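Remarks on the structure that follows.
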Amino acid sequence: MIRHPRDGAAAAPVAFDAAGAAILLVHLAAAIASRSVAWPEITTPAYLWSRGWILYRDVKFLHTPGLIGLLALAFRIGGPQTWIVRAFAIAGPLAGHGFVLRYTRGIPLLRRVLVSAFFLVSVFVADGNAVWPVAAMAALSVPITVALTKESWWRAGLLIGAAILMKQTAAYVLAVVVLVLLARRSFRALVPLVMGASAPYAAALAAFAALGAASEMLRWTILVPFQVQEVTFAPSLFTLGVLGLALLPTAVAAALEKSPRVPSAAWLLAVGLGFLLLCYPNFLMLQTVAALPCLAVGAGRLLELVSVRLAPAVAAFLLVFTLSRGIVAAADATFDGTVLFWNDDPDLNAVVERLRRSPPETRVHSELWANVLPRSARLPPGHIWVHPWLRWYFEVENVRVRVLTAARAAGTIWVGYRSALPGGERIGAYAVEVVR
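Numbering (my numbering), first residue to last: 4 to 439.
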């Protein structure tokens, strides 16, 4: 067992880290200038929850409630403001970058900058500047590895459980950790680890039981994901290659590391791999963002472990990977500070202004992907909602029929594309029509 792991790069005296602070400011400036993404599957349920609707009972949604609950609380306090959405998009990767800097503090400055660039470019090319559970989990991945290295099994379990409470597929991390512990014959660690990982979900389930929605939470977070076939894609060779190359430095560091450090390269590899598995089954790079802090710290660890002769080769590998991915990120970058699916579309902004002029009690049914409801501060009819583009959930609880039945009530405002509402009031690419 590990009794006194050496802290390696983290052993520097506690002092103000001017270089780390400067790098974080660069990250923050880049995130503020860049376009972020407010995924409506997260932001609209959070808004409805902030207005008193109950998740899973009234708002049909597949993910666990952690991130949505935090965003709902923020909306409840400050309203569905753009700055709140942007703060949630930035916070997770920024915190993850802070942990990267904390555990690469002992390496030379230029190499440290290279590791941070590797992390930052990987985040942006994966669209990680977004309100999405896996992006928020970036704040948890390195602390999980630290707790595992220190054999703080209960704490590690709680942190993994916090990730699971944001998106249940974070259970992949728990599975990988359990397999490692079984391989090491660390059987006594399993009970506190699994209990800790189960505690956040159990607490949330108890809270929903108090609201009368425990069965709905169980159905939508555990049963429905296995019952309903979501969009799946076979991974391309390019995607697998990128993931493999990003993982390679940490894997080599785990092979080379002889004396344990905090966090250990072996646990960085295990937790990073667990978070990479979240990209299954649709293999979107966004689903890998939580792994990036572990992979960046692992890359920094490799630069510490290799000989002076081999360190330039490792640095060159990271530089080539970062530049090649950075070209991809720069090609698609938009530096206008807007939020995709929120306020980036002038026509949608005009629709929102039109809806805001309607009486506050007016019910709005939107067939658009974007965040019409939180932007307009209006509620849908019938006290039931499911995103109109997530068709694979429509048959569960007959939810789509119930939504459309409620939306046919007189006075309801429908919002859709002009082609779908030919008789409505035209606003750019969209139309607004009142049910008579």
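Just so you know, even glycine gets a beta-carbon here, dropped at the ideal spot from N, CA and C.
It should be emphasised that the depicted structure is a prediction, and the values quoted were computed from it without experimental measurement.
Does the separation of the CB atoms of residue i and residue j fall below 8 Å?
{"i": "V134", "j": "L74", "result": "yes"}
{"i": "A380", "j": "R304", "result": "no"}
{"i": "W270", "j": "T148", "result": "yes"}
{"i": "V274", "j": "V194", "result": "no"}
{"i": "A412", "j": "Y420", "result": "no"}
{"i": "V309", "j": "P96", "result": "no"}
{"i": "P383", "j": "V103", "result": "no"}
{"i": "L250", "j": "L298", "result": "yes"}
{"i": "V375", "j": "V418", "result": "yes"}
{"i": "P43", "j": "F397", "result": "no"}
{"i": "F440", "j": "A34", "result": "Because the chain spans 4 through 439 in this model, residue 440 falls outside it and cannot be assessed."}
What is the rounded straight-line gap between the Cα of residue i and the Cα of residue j?
{"i": "L3", "j": "A159", "result": "No answer is possible for residue 3: it lies beyond the span of the chain, which begins at 4 and ends at 439."}
{"i": "G215", "j": "H386", "result": "15 Å"}
{"i": "A77", "j": "T47", "result": "13 Å"}
{"i": "P238", "j": "L279", "result": "13 Å"}
{"i": "A150", "j": "L182", "result": "17 Å"}
{"i": "S361", "j": "A268", "result": "57 Å"}
{"i": "R191", "j": "Q171", "result": "25 Å"}
{"i": "L259", "j": "A314", "result": "13 Å"}
{"i": "V137", "j": "M169", "result": "8 Å"}
{"i": "V245", "j": "L424", "result": "43 Å"}
{"i": "A186", "j": "V265", "result": "21 Å"}
Considering only residues of the same chain and omitting the five flanking positions on each side of residue i, which have a CB-CB separation below 7 Å?
{"i": "L272", "result": "T253, A254, A257, G301"}
{"i": "A332", "result": "V124, F127, V128"}
{"i": "G164", "result": "G199, A200, S201, A202, P203, Y204"}
{"i": "R439", "result": "A413"}
{"i": "W392", "result": "W372"}
{"i": "I57", "result": "L214, A216"}
{"i": "L70", "result": "I45, P136, A139, M169"}
Identify whether residue i lies in helix, strand or coil by the three-state DSSP scheme.
{"i": "V265", "result": "coil"}
{"i": "R328", "result": "helix"}
{"i": "A41", "result": "strand"}
{"i": "E243", "result": "Checking the sequence shown, residue 243 turns out to be Leu, not Glu. The answer is helix: DSSP assigns L243 an H, G or I state."}
{"i": "R411", "result": "coil"}
{"i": "A25", "result": "helix"}
{"i": "A434", "result": "strand"}
{"i": "W135", "result": "coil"}
{"i": "V231", "result": "coil"}
Note down, in chain order, each residue of its chain lying with its Cβ closer than 8 Å to the Cβ of residue i, except the 5 sequence neighbours on either side.
{"i": "V342", "result": "R38, S39, V40, A41, T85, V88, R89, A92"}
{"i": "F324", "result": "F121, L248, A249"}
Report all residues from its chain with a CB closer than 6 Å to the CB of residue i; omit the five preceding and five following residues, and keep chain order.
{"i": "F286", "result": "F236, P238, T242"}
{"i": "G427", "result": "A434, V435, E436"}
- [ ] Pick out the complete beta strand (DSSP E) segments inside the stretch 341-397, 3 residues or longer, and give them in chain order.
- [x] 367-369
Open item on the list: To test your reading of the DSSP string, which unbroken alpha helix (DSSP H) runs of 4 or more residues are found completely within the stretch 252-322?
Closed with: 268-279, 295-308
Open item on the list: Threshold first: 4 residues or longer. Then list the alpha helix (DSSP H) segments lying entirely within the stretch 190-220, N to C.
Closed with: 193-213
- [ ] Quick one: which unbroken beta strand (DSSP E) runs of 3-plus residues sit fully inside the stretch 45-133? Chain order, please.
- [x] none
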